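**Student:** Under my numbering, the first residue of the sequence shown carries the number 34, and numbering increases by one thereafter.
We put the beta carbon where it would ideally sit given N, CA and C, even for glycine.
Just so you know, these numbers come straight off a predicted model, no measurement behind them.
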Amino acid sequence: MHSAVNETLSSLDRTRRPIIGITAVVTQIKFAIFEMDATFVPQTFVQKVADAGCIPVLLAPQPGVEQTVGGLDGLLLLAGPDADPALYGQEKHEKTGWNDKVRDTAELALVEAALEADLPTLGICRGEQLINILRGGTLQQHLPDIVGHDNHSPGGKEYGQQKVRLEPGSHLAKFLAKDVVPCHHHQVIDQVGEGLTVTAWSEDGTVEAIEVNDHPFAVGVQWHAEESDDDSPFVALAEAARQRMSVRAR
Numbered sequence: 034m035h036s037a038v039n040e041t042l043s044s045l046d047r048t049r050r051p052i053i054g055i056t057a058v059v060t061q062i063k064f065a066i067f068e069m070d071a072t073f074v075p076q077t078f079v080q081k082v083a084d085a086g087c088i089p090v091l092l093a094p095q096p097g098v099e100q101t102v103g104g105l106d107g108l109l110l111l112a113g114p115d116a117d118p119a120l121y122g123q124e125k126h127e128k129t130g131w132n133d134k135v136r137d138t139a140e141l142a143l144v145e146a147a148l149e150a151d152l153p154t155l156g157i158c159r160g161e162q163l164i165n166i167l168r169g170g171t172l173q174q175h176l177p178d179i180v181g182h183d184n185h186s187p188g189g190k191e192y193g194q195q196k197v198r199l200e201p202g203s204h205l206a207k208f209l210a211k212d213v214v215p216c217h218h219h220q221v222i223d224q225v226g227e228g229l230t231v232t233a234w235s236e237d238g239t240v241e242a243i244e245v246n247d248h249p250f251a252v253g254v255q256w257h258a259e260e261s262d263d264d265s266p267f268v269a270l271a272e273a274a275r276q277r278m279s280v281r282a283r
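1) Need the endpoints of the beta strand (DSSP E) that residue 230 sits in, please.
2) Residue 54: buried (16+ other C-beta within 10 angstroms of its C-beta) or exposed?
3) For residue 82, I'd like the list of residues in its chain whose CB is within less than 7 Å of its CB, leaving aside the five on either flank, ordered along the chain.
4) At what residue ranges does the region 197–252 contain a whole run of the alpha helix (DSSP H), taking only runs of 4 or more?
5) Does any residue of chain E have a CB that is nearer than 8 Å to the CB of residue 83?
6) What ranges does the alpha helix (DSSP H) occupy inside the region 127–175, keeping only unbroken runs of at least 4 residues that lie completely in it?
7) Between residue 201 and residue 261, how many whole angstroms is the CB-CB distance? I'm expecting something under 8 Å.
8) In this structure, how does DSSP classify residue 268 when only helix, strand and coil are distinguished?
9) Give the range of the alpha helix (DSSP H) segment to which residue 80 is assigned.
10) Who are residue 190's beta bridge partners in DSSP?
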């Protein structure tokens, strides 16, 4: 009896799709004739995760959100507003935008719990920056001050196109299909946090990706992977989640 039950449970685990948590944002929306606060994730990210064969789950930026890590197979950290410079010991630059301190606090706790649990993690733009901040790194608050141009964020809804150089042997070098990526940011990693390795740079030397050392899969990219027709970052996150599920099922 017990053997049959165990076999059934094992079979179900093998066919279960990975559950990927996606960090959400709280903002005001207009729905029909009403204006209200809502927690949402842009559909582009949800679809990318679903297309990779996973089940997307929205994670509201609330205290205690890190407790969801035990029920997840992977984590996707989304883009968003500039992180509070006080988190990395700096005064606010005049070009630094509005800071959502509630979201900052919730997501940093979530990232910390995910990394401690070896949960496969992919950070996009702000998500990459939070990984660096958590590990004691800093940000350059306004990139044009350094590179003298704003090709990383041309303005409005337009994305800059950056050619990236990848570190051989990195996760990115193994899975990234295209080396020209869409960017829309004015902040980047400055000092690299403890236990992190830079694995991609743009042609002007800007840090474009990091990976967490001694972690099965924790990758942060500065560019907007959701705007590319190269879905390999999401596919790689899904595969890492499946591998983790397989190991835990043994």
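**Tutor:** Taking the coordinates as given:
1) 229–235 is the span of the beta strand (DSSP E), which, as asked, contains residue 230.
2) It counts as buried.
3) Take residue 82, set aside five residues on each side of it, and the residues of its chain with a beta-carbon closer than 7 Å to its own are 53, 55, 89, 109 and 267, in chain order.
4) If we require 4 residues or more, the alpha helix (DSSP H) runs fully inside the region 197–252 come out as 204–208.
5) No chain E appears in this structure, which consists of one protein chain only.
6) Counting only runs of at least 4 residues, the region 127–175 fully encloses the following alpha helix (DSSP H) elements, listed from N- to C-terminal order: 134–149 and 159–167.
7) Wrong, their Cβ atoms sit about 21 Å apart, outside the cutoff.
8) In the three-state scheme derived from DSSP, where H, G and I count as helix and E and B as strand, residue 268 is classed as helix.
9) It spans 76–84 - the alpha helix (DSSP H) in which residue 80 sits, taken as one unbroken run.
10) In the DSSP assignment, residue 190 forms no beta bridge with any residue.
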